[in-house]
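Colleague: From first to last, the protein sequence lines stand for chains A and B. Offset between the first sequence (1-based) and the numbering used here: plus 594. Offset between the second sequence (1-based) and the numbering used here: plus 3. All C-beta atoms, glycine included, are put in the ideal place defined by N, C-alpha and C. All of these numbers come straight from a predicted model, not from anything done at the bench.
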Amino acid sequence: MRFIMGFIGSVFAGILLISMIGNLATYFGNKPAPLAAEEFHKEPRELHLSSDGPLGRFDKAQLQRGFQVYSEVCSACHSLHLVSFRELKGLGYNDAEIKKIASDWKTQVPSINPDTGEASTRKALPSDLFPAPFANEVAARAANNNAVPPDLSLMTKAREGGAAYVYSLLTGYRNPDTYRDEHGKRLPADAKPPQGLHFNPYFANLNIAMPPPLTTEGQVTYASGNPRPTVDQMAKDVAAFLVWTAEPNLENRHAAGIAVTIFLLVATILGYLAYQQIWHDAKRVVRVTGPLDPKNQAKSKSAKAKQGVAG
Amino acid sequence: MSFSWARPYEPKHPVMRWLDERLPLPRLVYGAIGGGYPVPRNLNYWWNFGVLAGIFLTIQIVTGIVLAMHYFATGDGAFNSVNGLIMRDVNAGWLLRYAHMNGASFFFIVTYIHIFRGLYYGSYKAPRELVWMLGLVIYLLMMATAFMGYVLPWGQMSYWGAQVITGFFSAFPLIGEPLRVWLLGGYAPDQAALTRFFSLHYLLPFVIAGVVILHIWALHIPGSGNPTGVDVKSEKDTLPFHPFYTAKDGWFAAFVLLLYAVVTFYAPNYLGHPDNYIPANPLATPAHIVPEWYFWPFYAILRSFTIDFILPAKLWGVLAMFGSILLLFFLPWLDKSPVRSGSYRPVFKRFFWLLVADIVILGYVGGAPLNWWRTALGQIASAYYFVHFLVILPLVSAFETPDPLPSSISSSVLHGEEAEAAPAGQTKPRRGSVATAG
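1) Using only CA atoms, which one of Pro720(A), Thr750(A) and Leu657(A) lies nearest to Ser762(A)?
2) For the beta strand (DSSP E) containing Arg716(A), list its first residue and its last residue.
3) Grouping DSSP H, G and I as helix and E and B as strand, with all else coil, what is Gly158(B)?
4) If we count the other Cβ atoms within 10 Å of its Cβ and call it buried at 16 or more, is Ser545(A) buried or exposed?
5) Determine, for Gln63(B), whether the minimum Cβ-Cβ distance to residues of chain A falls below 8 angstroms.
6) Give the range of the beta strand (DSSP E) segment to which Ala810(A) is assigned.
7) Pop quiz: Leu629(A) and His675(A) are said to be a contact at Cβ under 8 angstroms. What is the actual Cβ separation, rounded to whole angstroms?
8) Strictly under 8 angstroms for the Cβ-Cβ distance: is Val854(A) near chain B by that measure?
9) Note down the Cα distance separating Gly226(B) from Pro208(B), rounded to an integer number of angstroms.
10) Going by beta carbon distance, what residues of the same chain come within less than 6 angstroms of Ala737(A), once the five residues before and after it are set aside?
11) When the cut-off is 8 angstroms and only beta carbons count, does Tyr869(A) lie next to chain D?
12) Check whether the region 765-780 of chain A and the region 852-870 of chain A touch, using three or more Cβ-Cβ pairs below 8 angstroms as the test.
13) Just the C-alpha distance for Trp220(B) and Ile118(B), rounded to the nearest angstrom, thanks.
14) Taking the beta strand (DSSP E) that Val703(A) falls in, what are its first and last residues?
15) Using a beta-carbon distance below 8 angstroms, is Ile872(A) in contact with chain B?
16) Name the chain B residues that come within less than 7 angstroms of Ser604(A), Cβ to Cβ?
17) If we ignore side chains and look at the alpha-carbon of each, how far apart do Asn229(B) and Tyr124(B) end up?
18) For Ser344(B), I'd like the list of residues in its chain whose CB is within less than 7 angstroms of its CB, leaving aside the five on either flank, ordered along the chain.
19) Does Pro277(B) come within less than 8 angstroms of chain A when only Cβ atoms are used?
20) Report yes if the CB atom of Phe82(B) is closer than 8 angstroms to the CB atom of Trp163(B), and no otherwise.
21) In angstroms, rounded to a whole number, what distance separates the CA positions of Lys352(B) and Ser346(B)?
22) Quick one: give me the first and last residue of the beta strand (DSSP E) that Pro243(B) is part of.
23) Does Phe351(B) have its Cβ less than 8 angstroms from a Cβ in chain A?
24) Kindly list, in the order they appear in chain A, the residues whose Cβ is closer than 9 angstroms to that of Ser7(B).
25) Work out the CA separation of Leu396(B) and Val134(B) for me, nearest whole Å.
26) Does Ser721(A) come within less than 8 angstroms of chain B when only Cβ atoms are used?
27) Nearest to Phe172(B) by CA position, among Ala250(B), Arg348(B) and Leu305(B), is which residue?
28) Check the Cβ-Cβ distances between Leu764(A) and every residue of chain B, and say whether any is below 8 angstroms.
29) Flag Asn738(A) as yes if its beta-carbon sits less than 8 angstroms from any beta-carbon of chain B, otherwise no.
30) I'd like to check one pair, Asp193(B) with Gly96(B): are the Cβ atoms closer than 8 angstroms?
31) Check for me: the beta strand (DSSP E) holding Val42(B) runs from which residue to which?
32) Along chain B, in chain order, which residues have C-beta atoms closer than 8 angstroms to that of Gly600(A)?
33) In whole angstroms, what separates the C-alpha of Val18(B) from that of Ala264(B)?
34) When you compare each of Glu295(B), Tyr297(B) and His291(B) to Pro372(B) by their alpha carbons, which one comes out closest?
35) Just reading off the alpha helix (DSSP H) that Asn617(A) is part of, what are its end residues?
36) Within 8 angstroms of any Cβ in chain B, is that where the Cβ of Glu754(A) sits?
See the structure below:
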């Protein structure tokens, strides 16, 4: 049996080695040029939000500003279909404000005319999810040069880098003709975006269908009046807002985490002490009193001497 | 159960006596995980992971049953029920979901440590071959359950993972494609696949629980192994499971749960893939399709076969991947060394650590995007995996001279803590002291 198994193992290993030689030969015989998309792709810039870290909590003023950016800019194309108006309570709005936000929302909710039964629309209620800007995927493609603007509800969990990625992407648009990377290298002509796409080194393949959404300072006038709505500030605020949409229970999670961690820490310590206590009487003198106990040292010395071991 | 000095159950409370006379359930529990099960006194912390696997199985079943109350197994509803309803509206739904997600990862972490413990200390050897094989059955069931569970949120990785994994079956000639279509209930993962995966994902954990009972039952016939691999010879060698090992398992379980809580509460998505927060889209293939981290080593083996040699490369990959697990069933007969514990096998020990490094490399290669050197590395590592188990292990067990074994567990315990796992008359070389055999 062992002979057969050894044979099977050798066959697998042999084929793997043949595969490897074939691969390496192909690679070194025809070294592929590095792809511009890999060469020029950049990791997200650093972004610090108040929700970071184990004690992180949302900055509600920032979330409200981010929500304002979403409603005035992003929501023209991007849906938020997992979030309902009532959840805005988490941003610090009261019931009356939420009611108003819902009923003033620019897209209405699909409905049925109660008199005729025909399809119609009605004003949104706090219990509604945010209505999508486009009725369906075909409409979204038709309006956006055949690209579908993705839903933003989970965006900061659905991309490597999270909120930092959103922030970097929104502030990362560059002119492909004058762009130089950190080594001063220019973008090769064939890597430049085709018609209708926009160069952005933070996007996976460098060319994104979304035109730069935040372009000028003051594009959004913050209701709170401060801070200054620079492009950078607006990008930060909307990234913070999208952390909230993706993880509205983050504060609960952080708070519960502290309680559970402390509980388990105490349980671990008490459990460990109980364990020590129980094993103390376990006749297992050596381990409990430790090898440095003079009694044990003498014992082990004599045991070693008996067996002819130095040390 | 296994030793003559095992304490018999003596009910103290009249209610327990009444119950025991009619249904000896308390007696069963007492003999299995109570004072009636004598355990070698020298177990180290690597012996804690079996109990931990049981704890994580329980966590998965409890959180999973509640999640299933709120989950919609439909192509339209699955993603939104997980990411909308459960994560937002169900009371503590976010906690259940994250605990279940990370519970799966921790279940695999502790199970992998448990398996490697068995590999190092020769727990698969006589008389515990069946314990080992039942353990492998549990592991295979875990893999199936975890795979189907990962499909349920119906995100991009769920969908494309299902596509890739069920695609394995199409590698087999003739029956492959019809088999795949039959398993999926369609030509691609869709409603039919999702519903049956949900059904089986709910069923299999209970099958696992059943096999766990057999695993423990089979273990209790010879009793637990120990780091010296020497058989229990007298009462002096053992301690009753309760309170000694319940106390040791107890505090260590609290410690591992602490680590689990830290990940669940503060990095719940660290072990997952961001693409699974994008709803399944059959028309958009993700840039890198990768399974969950616990499958990476096997995924690396699958991808390492790149040449059509007699058989198509894909079939080689699938055969090797299944073979890499199935060969473990033959381990008790591949490793013929009469010495169980790796601590007394100087050559085996070196190869064991090489195997651990090899599997870590395979894991890395399986999880990372492919390039020329990672492919080559994965091929070497996969080749070593098979050579290790099928060639090296039988040869080592035939030619190696093991170190002298201690005469009994209690004598190994009595010559000092650091010498406990070392061969009789020999302490592990430590800083500043050179041990010379006389």
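Modeller: From the atom records:
1) Thr750(A)
2) Ala713 to Arg716
3) strand
4) The requested residue 545(A) is not part of the displayed model; chain A covers only 595 to 905.
5) no
6) Residue identity differs from the one stated: residue 810(A) is Thr in this sequence, not Ala. Taken as a continuous stretch (DSSP letters only), Thr810(A) belongs to no beta strand (DSSP E), as it is neither H nor E.
7) At roughly 34 angstroms, the Cβ-Cβ gap does not stay under 8 angstroms, so Leu629(A) and His675(A) are not in contact.
8) yes
9) 26 angstroms
10) none
11) The structure shown has no chain D; the protein chains it does contain are A and B.
12) no
13) 18 angstroms
14) Val703 to Ile706
15) yes
16) Val394
17) 8 angstroms
18) Tyr124, Gly125, Pro230, Thr231 and Gly232
19) yes
20) no
21) 7 angstroms
22) Thr241 to Pro243
23) no
24) In chain order: nothing, as chain A lies at least about 19 angstroms away.
25) 20 angstroms
26) no
27) Leu305(B)
28) no
29) no
30) no
31) Pro41 to Pro43
32) Leu393, Val394 and Pro397
33) 38 angstroms
34) His291(B)
35) Arg596 to Gly623
36) yes
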